[in-house]
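Visitor: Protein chains in written order, with this note's numbering: chain A, 3 to 197; chain B, 3 to 197.
C-beta atoms are modelled at their ideal positions from N, C-alpha and C, and glycine is treated no differently.
No experiment lies behind these values; they were computed from the predicted model shown.
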DNA sequence: CTTTTTTATTAACGTATGTTAACTATTGTT
DNA sequence: AACAATAGTTAACATACGTTAATAAAAAAG
């Protein structure tokens, strides 16, 4: 069951890991379960872990001054999620992570992260590749946010992430796209008319 | 003159590099100069380098289907810039990089990047830290794009990056903020009234 | 099953930003 | 210095999306 993570690592590194490397790493992980609606990371508190989802769904969000929540990222089985700002700086979290379903994660704390990166260069490489991909995807998403209208963005999202359309409530998808739920409703209705 | 990069690396790693480590790395770099308006990276062609700016300014942009250009990132002395999508995948660039002033860069090609990361784990670490910071900043920028109006975003930008306000034309700053130059003009006028 | 809570829909109206177009200011070129 | 090209401003009008509010549908809880 932990092996979904091992194969994730080996796929990114494009090679198999020596068994003792992975063992060293996996001994630093803790398993934890959350109920639906539980907060995995809470804004205002230090976020001392990164989380690898092995079961369930959750999402990262930020709350603005008006008290409105904005979904930034969704995660299901095989995704890492956390407030990286807080994790890497040690400052208070500006994001929250909340479970959308009963969710199981493998968690790695800051010290263990440092240890594994210092001890096994393969893990520095692994996390670099993760961040590389995340950065490229995020930059592309921002480009689309600044150039396409909400309908186009919704269609691209639905095509790229059909699993999220299934498992994430529509008001959070609207929020992720940078619009209100009413607007997404309107967009979907207009689209269904045109069919 | 190359040492602006060395100190950049040592600042991120939070330690001094063995002199032979840096020498190994810097021998893989090429220096190149561009005139104002030159394309450093051209959309549609492979982007085979990452660029560290030692002099001048340039910016990364993407052109949408309607032919409109969207500024994604600015870089002046001490910044890395490139189309990382193309650089890491080997596919055709979807972004361009263009000089806004006469600009000097140190460039590192894909093979050399691989070599230095494979040979010196410190560089995997360095590029992980770079990407980490870039990801965190980009995620925050997207959060603001989805939650604040253009006036607020402009004010935050001007405060955080006064150098760019000096050296980058206003229509590119508008584009970076996700609005049209006319809108930024209006915002600035309204603000000056309220003073 | 029934009730309550949460999520989604719809419609009328408001607003920030886009569009078009004309004009001015600035910068670069001969 | 004169001219051309680029960048910035302004204003009238258009539009995508936000706001408010009422209702309906679906999911969770008793």
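1) From A:81, A:32, A:158, A:62, pick the residue whose C-alpha is nearest to that of residue 9 (chain A); which is it?
2) Would you please verify whether the beta carbon of residue 40 (chain A) is less than 9 Å from any beta carbon of chain B?
3) Please report the straight-line C-alpha distance between residue 160 (chain B) and residue 43 (chain B), rounded to a whole angstrom.
4) So who's on the other strand from residue 41 (chain A), going by DSSP bridges?
5) Cβ atoms of residue 55 (chain B) and residue 106 (chain B): under 9 Å apart, would you say?
6) According to DSSP, is residue 84 (chain B) part of a helix, a strand, or is it coil?
7) By a C-beta neighbour count over all protein chains shown, 10 Å radius and 16 as the cutoff for buried, is residue 100 (chain A) buried or exposed?
8) Since residue 55 (chain A) is in the beta strand (DSSP E), which residue starts that stretch and which ends it?
9) Looking at the C-beta of residue 18 (chain B), does it have a partner C-beta in chain A at a distance below 9 Å?
10) Is the beta carbon of residue 48 (chain B) closer than 9 Å to that of residue 62 (chain B)?
11) How would you label residue 148 (chain B), buried or exposed, when you count the other beta carbons within 10 angstroms and need 16 or more for buried?
12) For residue 181 (chain B), which three-state DSSP category applies?
13) What do you get for residue 127 (chain B), buried or exposed, if any count of 16 or more other CB atoms within 10 angstroms of its CB means buried?
14) Pull up the CB-CB distance for residue 65 (chain A) and residue 77 (chain A), whole angstroms please, since I reckon it's below 8 Å.
15) Is there contact between the segment 118–133 of chain A and the segment 120–138 of chain B, where contact requires at least three CB pairs shorter than 8 Å?
16) If you draw a straight line from the alpha carbon of residue 194 (chain A) to that of residue 72 (chain A), how long is it in whole angstroms?
17) State buried or exposed for residue 88 (chain A), treating a residue as buried only when at least 16 other CB atoms are found within 10 Å of its CB.
Guide: In brief:
1) A:81
2) no
3) Their Cα atoms are separated by approximately 26 Å.
4) A:100
5) yes
6) Residue state, collapsed to three classes: coil.
7) buried
8) 51–57
9) no
10) Not a contact, by the Cβ cut-off of 9 Å.
11) Its Cβ being crowded by 16 or more others within 10 Å, residue 148 (chain B) is buried.
12) coil
13) So residue 127 (chain B) ends up on the buried side.
14) With a Cβ gap of about 18 Å, residue 65 (chain A) and residue 77 (chain A) do not count as contacting.
15) yes
16) 26 Å
17) buried
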